[in-house]
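Residue numbers (my numbering): 392 to 606. Cβ atoms here follow ideal geometry from the backbone N, Cα and C, with glycine treated the same way. Everything numeric in this text was worked out from a predicted model, so none of it was measured. Encoded as structure tokens, the structure appears first; notes follow it.
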């Protein structure tokens, strides 16, 4: 990299933030503009300094106030010219998919070697995307898993009952809201447990969360 690039780093772990700052401070082509502990701080800075050229935001996923997924989405919506690189210990397929769908430019593990980190940054700043082999593997495994597990179709009423169960309403409260008998709601609950292949109410709640029914 011959040009000089301006970078922002967001991570709520001070030790990692200091380590990353130390590594990048050695690179003559990189200028660290801001280090932040929350996504909120990054977004506030970008909104206040709209005329300042920022080339890349490096962010963790798990942060207070605004996590890395929400930060990436906000950056890509408000500042689409800014590149984003996620550096995280998290290898959750759903989060990775959300980031790729929101046009994140890269994703590597916090366990990555210094050479891979710099390689990822270089690739992204030069116009390419970079996702580590492990992250690509997680995405591929999730895709194959989805294909082998066909989507279970729920009726409108089943979905309503499931959402209310996941929101911790009692059987009687659900019956009152849907103008049905308590016995009918109990039947829906038993049928949902059987249909979705879960063991209990916790399983129903987990399914509802995974499918985004509470969003």
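Notebook entry, point to check: Does the beta-carbon of residue 427 have 16 or more other beta-carbons within 10 angstroms, so that it is buried, or is it exposed?
Noted result: Around the beta carbon of residue 427, 16 or more other beta carbons lie within 10 angstroms, which makes this residue buried.
Notebook entry, point to check: Thinking just about the alpha-carbon of each residue, which of 588, 568, 452 and 561 is nearest to the one in residue 498?
Noted result: Taking residue 498 as reference, the option from 588, 568, 452 and 561 with the minimal CA-CA separation is 452.
Checklist line | Pair within 8 Å by beta-carbon distance, residue 439 and residue 397 | finding: No, the Cβ-Cβ distance between residue 439 and residue 397 is not below 8 Å.
Notebook entry, point to check: Between which two residues does the beta strand (DSSP E) harbouring residue 474 extend?
Noted result: Where residue 474 is concerned, the enclosing beta strand (DSSP E) stretches over 474-479.
Check: Quick one: Cα of residue 522 to Cα of residue 576, how far?
Finding: Rounded to whole angstroms, residue 522 to residue 576 spans 46 Å at the Cα level.
Notebook entry, point to check: Taking the C-alpha atoms as reference points, what is the distance between residue 584 and residue 591?
Noted result: Cα to Cα, residue 584 sits roughly 7 Å from residue 591.
Checklist line | Range of the contiguous alpha helix (DSSP H) that encloses residue 555 | finding: Element bounds for residue 555: 547-557.
Item checked: Candidates 516, 472 and 450: closest to residue 490 by CA position -> The shortest C-alpha separation from residue 490 is found at 450.
Check: Per DSSP, which one or two residues make a beta bridge with residue 401?
Finding: By DSSP's assignment, residue 401 forms a beta bridge with 427 and 450.
Check: Could you give the distance in angstroms between the alpha-carbon of residue 468 and the alpha-carbon of residue 581?
Finding: Their backbone Cα atoms lie some 43 Å apart in a straight line.
Check: CA-CA distance, residue 596 and residue 464?
Finding: The C-alpha of residue 596 lies about 26 Å from the C-alpha of residue 464.
Next item on the list: Give the straight-line distance between the Cα atoms of residue 446 and residue 510, rounded to the nearest whole angstrom.
Entry: A straight-line Cα-Cα distance of about 16 Å links residue 446 and residue 510.
Notebook entry, point to check: DSSP puts residue 522 in a beta bridge; with which residues?
Noted result: Assignment of beta-bridge partners to residue 522 by DSSP yields 498.
Check: Between which two residues does the alpha helix (DSSP H) carrying residue 442 extend?
Finding: Element bounds for residue 442: n/a, residue is neither H nor E.
Note to self: Quick check on residue 475: buried or exposed, where buried means 16 or more other Cβ atoms within 10 Å of its Cβ?
What the structure shows: Around the Cβ of residue 475, a 10 Å sphere holds 16 or more other Cβ atoms; the residue is buried.
Margin query: Does residue 543 pass the burial test, meaning 16 or more other C-beta atoms within 10 Å, or should it be called exposed?
Written below: It is exposed - the Cβ of residue 543 has fewer than 16 other Cβ atoms within 10 Å.
Notebook entry, point to check: Do you know how far the Cα of residue 574 is from the Cα of residue 525?
Noted result: A straight-line Cα-Cα distance of about 49 Å links residue 525 and residue 574.
Margin query: I'd like the span of the alpha helix (DSSP H) that includes residue 589, first residue to last.
Written below: Element bounds for residue 589: n/a, residue is neither H nor E.
Check: Which one of 529, 433, 416 and 429 has the shortest CA to CA distance from residue 500?
Finding: With distances taken between Cα atoms, residue 500 lies closest to 529.
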